[in-house]
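Visitor: Quick one: this structure, given as structure tokens, is what I'll be asking you about.
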Amino acid sequence: MSTGSGADSAPAPKSTHDSSTGGGTFSSLKIRNYRLFATGAVVSNTGTWMSRVTQDWLVLSLTGSSAAVGITTALQFLPMLLFGLYGGVIADRYPKRQLLLFTQAAMGLLGLALAVLTLSGQVHVWHVYLIAFLLGMVTVVDNPTRQAFVSEMVGPDQLRNAVSLNSANFQSARLVGPAVAGVLITTVGSGWAFMLNGLSFLAPLLGLLLMRQSELHKSVSVPRAKGQLREGLRYVRGRPELIWPIVLVGFIGTFGFNFPIWLTAFAHHVYDGGAGLYAVFNILLAAGSLAGALLAARRRSSRLRLLILTAMGFGLLEVAVSFSPSVWLFALLLVPIGMIGLTTNISANTSVQMAADPKMRGRVMSIYMMVFVGGTPVGGPLLGWITDTYGARIGFAAGGAVSLLAAGAIGLILTRVVGVRLRLDLRGGRPHMEFVPKEQLAAAV
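Residues in the sequence shown are numbered from 341 upward in steps of one, following this note's numbering.
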């Protein structure tokens, strides 16, 4: 990774706690260690998106089934559902930088293994299933460790900005990865896309090795003890500011984020396109997601009402786009879907991270990621079956409808449980909706 200019004069850890890094969309990048992390991540994320698009198209080519694409996605996220909480315990217990060196190397080797199988002409769908499952096993540890490691690099004052930039980083790679994958699939074959993905993990490994450990914010190591898993669950369960965002992203992750299933089906069956059209769909979805991430990076706080409203808008847009009569309208509507979906995800992620105690953050984020992506083994095959049986439009609409209903239901629950009510008024002649404390409403009457 590139260290950027002025790396040798990076401030000591103490300075990253105050406002010396300033505000703005890219303020976290002034911190050298985070700059290394982000540079390596954009390379490996590009490779990951190349691999995801290529993997989905390879499975569809081998089987002709959207359900098989769903099974592949489910296998990749099944370990998070089964073992995700243990990954959080490991992230809290051991040095996070060392854990990431191990997990990133393992992911690179799995990518190279799939490349060798594909280039040799020996690949079968069960090979893809197996590697997807093994990748999921590594992700069990990698995901909560990466989430929690961000605070060690940037400190609490820049945490919200860094989380947003991580999402922007991921979505920027999503703009490039699918386009490159589409070109490689149609010219030299899928194997070379898998090969480049495996090699891309050299970048984050180099970045981790170049980090100045003296500039990392001191982490809280939790010694090995009985009951740490139950302790994490009790901690989250007793805090409404943690549990309800996690429940909401669980519904959206399970039913609303099954884009590999829907976009392959629309590209292949509805609009009679190929890998190139599927890549275009992914690029447009990523463009919207990137815009949402950059807007979130400028926002100084995440409010509960924003999370509920964006989640409802996300579900409503998915229902609307599923019945799009033309390919160009379908493609254009993917941009706002990506923007609102990413805003929902970032709002939930940052509010959970900011509310969690540092010594519990690994376990809290493992619960968050387990719920967000761990529902895919349920939602993926189910929505894949609906898509195969009733068509791509019904499958897409079903996922959006569940997301919309879940957001509405949780919004109503919050008015009862958390002690807030929904207020509607007119500001500047336009309707405005927000959640306010019951006491504030009573005082205003």
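Note that the Cβ used here is the ideal one computed from N, Cα and C, for glycine as well. Keep in mind the model is a prediction, meaning the values are calculated, not measured.
CA-CA distance, residue 317 and residue 654?
Guide: With the chain running from 341 to 785 in the structure shown, residue 317 is simply not present.
Visitor: Helix, strand or coil: which one does DSSP assign to residue 574?
Guide: helix
Visitor: Inspect the beta-carbon positions of residue 661 and residue 686 and report whether they are closer than 9 Å.
Guide: no
Visitor: Does the Cβ-Cβ distance between residue 478 and residue 423 come in under 9 Å?
Guide: no
Visitor: Check each candidate in 542, 573, 707 and name the one with the smallest Cα separation from residue 440.
Guide: 542
Visitor: Got a sec, what are the start and stop residues for the alpha helix (DSSP H) residue 547 sits in?
Guide: Unbroken alpha helix (DSSP H) run through residue 547: 542-550.
Visitor: State the Cα-Cα distance for the pair residue 283 and residue 554, rounded to the nearest angstrom.
Guide: Past the edges of the chain, shown from 341 to 785, lies residue 283, and the structure says nothing about it.
Visitor: If you run the structure through DSSP and keep just helix, strand and coil, what is residue 725?
Guide: helix
Visitor: Check whether the region 465-478 and the region 738-749 are in contact - that is, three or more C-beta pairs closer than 8 Å.
Guide: no
Visitor: Let me know the secondary structure DSSP gives residue 483 once reduced to three states.
Guide: helix
Visitor: How is residue 371 classed by DSSP in three states: helix, strand or coil?
Guide: Correct three-state label for residue 371: coil.
Visitor: So what does DSSP say about residue 762, is it helix, strand or coil?
Guide: Reliability of the predicted coordinates at residue 762 is poor, the pLDDT of 48 falling under 50, and no value is obtained from them.
Visitor: Smallest Cα separation from residue 540: which of 726, 402, 519, 448?
Guide: If we check each option's Cα against that of residue 540, 448 comes out closest.
Visitor: Do you know offhand how far residue 451's Cα is from residue 527's?
Guide: 20 Å
Visitor: Determine, using beta carbons only, whether residue 628 and residue 556 come nearer to each other than 9 Å.
Guide: no
Visitor: What residue range is occupied by the uninterrupted alpha helix (DSSP H) comprising residue 437?
Guide: 436-459
Visitor: If you reduce the DSSP assignment to three classes, tell me which class residue 553 lands in.
Guide: DSSP places residue 553 in helix when its eight states are reduced to three.
Visitor: Give me, in chain order, the residues of the same chain whose beta-carbon lies closer than 6 Å to that of residue 712; leave out the 5 immediate sequence neighbours on both sides.
Guide: 589, 593
Visitor: With DSSP collapsed to three states, give me the class of residue 497.
Guide: The three-state reading of DSSP puts residue 497 in helix, counting H, G and I together.
Visitor: With distance defined between alpha-carbon atoms, name the residue in 744, 704, 365, 715 nearest to residue 574.
Guide: 704
Visitor: Please list, in chain order, all residues of the same chain as residue 725 whose beta carbon is under 8 Å from its beta carbon, the five residues on each side excluded.
Guide: Cβ within range, chain order: 407, 410.
Visitor: In its own chain, which residues sit with a C-beta less than 6 Å from the C-beta of residue 398, not counting the 5 before and 5 after it?
Guide: Excluding sequence positions up to five before and after residue 398, its CB lies within less than 6 Å of the CB of 530, all in the same chain and listed in chain order.
Visitor: Apply the 10 Å Cβ neighbour rule to residue 730 and answer buried if 16 or more other Cβ atoms are within range, or exposed otherwise.
Guide: exposed
Visitor: If residue 630 sits next to residue 508, beta carbons under 8 Å apart, how far is it from one beta carbon to the other, in whole angstroms?
Guide: 6 Å
Visitor: In angstroms with no decimal places, state the Cα-to-Cα distance between residue 609 and residue 404.
Guide: In a straight line, the C-alpha of residue 609 is about 10 Å away from that of residue 404.
Visitor: Which first and last residues belong to the alpha helix (DSSP H) in which residue 687 is found?
Guide: 667-695
Visitor: Distance, Cα to Cα, residue 491 vs residue 415?
Guide: 30 Å
Visitor: At the level of alpha carbons, what is the spacing between residue 571 and residue 523?
Guide: 49 Å
Visitor: Please name the residue in 656, 671, 591 whose C-alpha comes closest to that of residue 616.
Guide: 671
Visitor: Which term fits residue 663, buried or exposed, when burial requires 16 or more other beta carbons within 10 angstroms of its beta carbon?
Guide: Classified as exposed, residue 663 has fewer than 16 neighbouring CB atoms from the shown chains inside 10 Å of its CB.
Visitor: Three-state secondary structure (DSSP) at residue 618?
Guide: helix
Visitor: Could you check which residue in 462, 387, 576, 525 has the C-alpha nearest to that of residue 511?
Guide: 387
Visitor: With DSSP collapsed to three states, give me the class of residue 491.
Guide: helix
Visitor: Consult DSSP for residue 537 and reduce its assignment to one of helix, strand or coil.
Guide: Helix at residue 537.
Visitor: So, residue 634 versus residue 684, is the Cβ gap smaller than 9 Å?
Guide: no
Visitor: Taking the alpha-carbon of residue 552 as reference, which of 453, 494, 688 has the nearest alpha-carbon?
Guide: 494
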